[in-house]
Amino acid sequence: MTLALIDYGAGNLHSVANALRAAGAEDVKTTADPAVVRAADRIVLPGVGSFKACAKGLWAIPGMVEAMNERVHVGGAPFLGICVGMQLLATRGLEHGSTKGLGWIAGEVRLIERTDPAIKIPHMGWNDVSLGRKDPAHGLVEAGEAYFLHSYHFVPDEGQDVAAMTDHGGGLVAAVARDNVVGVQFHPEKSQAFGLALLSRFLDWKP
Amino acid sequence: MTVRVRVIPCLDVADGRVVKGVNFVDLKDAGDPVEQARAYDAAGADELCFLDISASHEGRGTLLDIVQRTAEVCFMPLTVGGGVRTAEDARALLLAGADKVAVNSAAVSRPEVVADIAHKFGSQCIVASVDARKVGEGRWEIFTHGGRRPTGIDALEHALKLADLGAGELLVTSMDGDGTQSGYDLELTRAIADSVSVPVIASGGVGTLDHLVQGVTRGHASAVLAASIFHFGKHSIAEAHAALRSAGLPARA
Numbered sequence: 001m002t003l004a005l006i007d008y009g010a011g012n013l014h015s016v017a018n019a020l021r022a023a024g025a026e027d028v029k030t031t032a033d034p035a036v037v038r039a040a041d042r043i044v045l046p047g048v049g050s051f052k053a054c055a056k057g058l059w060a061i062p063g064m065v066e067a068m069n070e071r072v073h074v075g076g077a078p079f080l081g082i083c084v085g086m087q088l089l090a091t092r093g094l095e096h097g098s099t100k101g102l103g104w105i106a107g108e109v110r111l112i113e114r115t116d117p118a119i120k121i122p123h124m125g126w127n128d129v130s131l132g133r134k135d136p137a138h139g140l141v142e143a144g145e146a147y148f149l150h151s152y153h154f155v156p157d158e159g160q161d162v163a164a165m166t167d168h169g170g171g172l173v174a175a176v177a178r179d180n181v182v183g184v185q186f187h188p189e190k191s192q193a194f195g196l197a198l199l200s201r202f203l204d205w206k207p
Numbered sequence: 001m002t003v004r005v006r007v008i009p010c011l012d013v014a015d016g017r018v019v020k021g022v023n024f025v026d027l028k029d030a031g032d033p034v035e036q037a038r039a040y041d042a043a044g045a046d047e048l049c050f051l052d053i054s055a056s057h058e059g060r061g062t063l064l065d066i067v068q069r070t071a072e073v074c075f076m077p078l079t080v081g082g083g084v085r086t087a088e089d090a091r092a093l094l095l096a097g098a099d100k101v102a103v104n105s106a107a108v109s110r111p112e113v114v115a116d117i118a119h120k121f122g123s124q125c126i127v128a129s130v131d132a133r134k135v136g137e138g139r140w141e142i143f144t145h146g147g148r149r150p151t152g153i154d155a156l157e158h159a160l161k162l163a164d165l166g167a168g169e170l171l172v173t174s175m176d177g178d179g180t181q182s183g184y185d186l187e188l189t190r191a192i193a194d195s196v197s198v199p200v201i202a203s204g205g206v207g208t209l210d211h212l213v214q215g216v217t218r219g220h221a222s223a224v225l226a227a228s229i230f231h232f233g234k235h236s237i238a239e240a241h242a243a244l245r246s247a248g249l250p251a252r253a
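In order, the protein sequences belong to chains A and B.
Going by the UniProt record's numbering, the first sequence runs without a break in its numbering and finishes at 207.
Going by the UniProt record's numbering, the second sequence runs without a break in its numbering and finishes at 253.
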């Protein structure tokens, strides 16, 4: 089983690679090569920083988005997006102007509304991962506490794509999923046992 | 529930070893940073902070090595500070495995460095330090060099400026309280926390679990940082979480 961890200049790669290995992944390929993505059994897209900068970095790699589309949508490879890597699944992001996303899960990435002065932005720290009645993530995401760090949040067009919610001055989407694609707003690589267990399930995940 | 109050043990590191200064002067050796980090990870600390207090005098290589080895075995957010002067310094720490960098004296002499790091790596990875001493009723001033050198800069104005420049959170340390174990400067913490939209970490002076609770209930902090009470086994992370929960605050179970 080879796992492609996409390197598009969006930081925190080592943390994610370390955590995947700790979760049991034997062959993690940190790569910017579309050919490696095409041949991978599973794909992880990490991401920290702004939506715009991350989108720019991803589209700057010739053939990468095409390779991801092909491997995930035609080939059916399980895909996990983390933080901005999850947000990039959206149709567009509104951080520093409107930027096109992958459009795999219809929706928009917007600034978290500060409904109360006591609500701090960024949403930073451990918070609930609460599951809904339906499970579009096919058992991958479980309820618990995970580490979040973000100022923008994913607002999917379709409620059925929401896999988990959290609460920060109101409900925020914690995970989205559709078919073999899942995205988590929180950082499993920074969520101790809860996060490592999720990554471990992803290594065996059969959506 | 809502986002939990973060309990953050802070390891002061000098020459690759964990030390804890009493008012930043008398240093006691309390062990290997990587082993301590691993222990705190296992104990369920919400985040970990390394402050390299030897940074102004010593080479940076040792620190980068420690950060790298820590990131390999710890699966919680790691903030590293001490001697971060430029976006390049920040990049080296982030690449070594730090999740956030704390900018200290450079944020006083050249606040633009905060904007520079925020622009390049995102606000989420910058913790701006506000090291202050009380200089009058309701007035605090920024001090540098471990609290020895006054700057004439008003602490509240400085905090607002750092948040405006793109700091993702503020680490507010009372240099009067640091090492005394007599509690945070709650007035200072609250004055800043109530004025900025980003989270504030209370720091400096924790001696009891009640001090942690007060940092949130009276200081309005989002996170509480402490060193000695954890390092020397006086209290565990679980006890800190339990104390916060008993006070009706959200904390990890």
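For every residue, glycine included, the Cβ atom is placed at its ideal position computed from N, Cα and C.
Asked, Found
"Quick one: does B/SER129 have its CB under 9 Å from some CB of chain A?", "no"
"Using a C-beta to C-beta distance shorter than 7 Å, which residues of chain A count as neighbours of B/CYS10?", "Near B/CYS10 there are no residues of chain A at all, since even the closest Cβ is about 16 Å away, more than 7 Å."
"Near B/ASP26, what residues of its chain come up, given a Cβ to Cβ distance below 7 Å and the 5 sequence neighbours on each side ignored?", "Reliability of the predicted coordinates at B/ASP26 is poor, the pLDDT of 37 falling under 50, and the value obtained from them is presented with this limitation in mind. Closer than 7 Å at Cβ, skipping near neighbours: no residue."
"Quick one: give me the first and last residue of the alpha helix (DSSP H) that B/TYR40 is part of.", "33-42"
"Exposed or buried, A/VAL74, counting other C-beta atoms within 10 Å across all chains shown (16 or more means buried)?", "exposed"
"Answer with buried or exposed for B/GLU47, where buried requires no fewer than 16 other C-beta atoms within 10 angstroms of its C-beta.", "buried"
"Quick check on this structure: which residue in A/VAL141, A/VAL155, A/ALA39 has the alpha carbon closest to the alpha carbon of A/ARG110?", "A/VAL155"
"Using CA coordinates, which residue listed in A/VAL176, A/PHE186, A/PRO78 is at the minimum distance from residue 210 of chain A?", "Since the first and last residues shown for chain A are 1 and 207, residue 210 of chain A lies out of range."
"Indicate the three-state DSSP secondary structure (helix, strand or coil) for B/GLY152 in the structure shown.", "strand"
"Could you name the residues of chain B that A/ALA22 contacts, counting a contact when the two beta carbons are closer than 9 Å?", "GLU72, VAL73, PHE75"
"So, is the C-beta of A/HIS14 closer than 9 Å to a C-beta in chain B?", "yes"
"Would you mind stating whether A/LEU45 and A/LEU88 have Cβ atoms separated by less than 9 Å?", "yes"
"Using the Cβ count rule (16 or more neighbours within 10 Å means buried), how would you classify B/MET76?", "buried"
"Quick one: which residues of the segment 166-191 of chain A get their C-beta closer than 9 Å to a C-beta of chain B? List them in chain order.", "THR166, ASP167, HIS168, GLY169, HIS187, PRO188, GLU189, LYS190, SER191"
"Interface residues of chain B around A/ASN127 at Cβ under 8 Å?", "MET1, THR2, VAL3, ARG4"
"Looking only at its chain, what residues have a beta carbon closer than 6 Å to the beta carbon of residue 208 of chain A, apart from the 5 residues adjacent to it on each side?", "Chain A is shown only over 1 to 207; residue 208 of chain A falls outside these bounds and no answer can be derived."
"Taking the beta carbon of A/GLU145 as the centre, do at least 16 other beta carbons fall within 10 Å, making it buried, or is it exposed?", "buried"
"May I ask which residues mark the beginning and end of the beta strand (DSSP E) holding B/ALA102?", "100-103"
"Rounded to whole angstroms, what is the Cα-Cα separation between B/PHE143 and A/ASP204?", "53 Å"
"So who's on the other strand from B/GLU112, going by DSSP bridges?", "The partner list for B/GLU112 (beta bridge, DSSP) is empty, contrary to what the question assumes."
"Entirely within the segment 90-163 of chain A and at least 3 residues each: give me those beta strand (DSSP E) ranges in chain order.", "107-111, 123-131, 144-150, 152-156"
"Given a cut-off of 9 Å on the beta-carbon distance, is the pair B/ILE192 and B/VAL172 in contact?", "yes"
"Does the segment 158-176 of chain A touch the segment 228-239 of chain B, meaning 3 or more C-beta pairs lie closer than 8 Å?", "no"
"Determine which residues share a DSSP beta bridge with B/VAL13 and list them.", "B/VAL18, B/ASP52"
"What does A/SER50 touch in chain B if you count any residue whose Cβ is under 8 Å from its own?", "GLY122"
"Run down chain A in chain order and give the residues with a C-beta less than 9 Å from the C-beta of B/SER228.", "By Cβ distance, chain A contributes nothing, its closest Cβ being about 23 Å from B/SER228, past 9 Å."
"Given A/PRO136, which residues of its chain have a CB within under 7 Å of its CB, disregarding the five upstream and five downstream residues?", "GLN160, ASP161, ALA163, ALA177, ARG178"
"If we cut at 9 Å on Cβ distances, does B/ALA92 have a partner in chain A?", "no"
"Say whether chain A places a C-beta atom closer than 9 Å to the C-beta of B/GLU169.", "yes"
"Could you check which residue in B/GLY122, B/VAL108, B/THR208, B/ALA243 has the C-alpha nearest to that of B/VAL101?", "B/GLY122"
"Among the residues of its own chain, which have a CB less than 7 Å from the CB of B/ASP29, if the five just before and after it don't count?", "In this predicted model, B/ASP29 has a pLDDT of only 44, less than 50, meaning its place in the structure is not dependable; the value taken from the coordinates is given anyway. The residues are ARG17, VAL19."
"Can you list the residues of chain A that B/VAL34 reaches, using a CB-CB cut of under 9 Å?", "Within 9 Å Cβ-Cβ: nothing; B/VAL34 doesn't reach chain A, min ~13 Å."
"Does B/GLY136 come out as helix, strand or coil in the three-state DSSP assignment?", "strand"
"Run through DSSP, which three-state label would B/ALA163 get?", "helix"
"List, in chain order, every chain A residue whose beta-carbon is nearer than 7 Å to that of B/CYS49.", "Under the 7 Å cutoff, chain A gives no residues; its nearest Cβ is about 14 Å from B/CYS49."
"May I ask which residues mark the beginning and end of the beta strand (DSSP E) holding A/PHE79?", "79-82"
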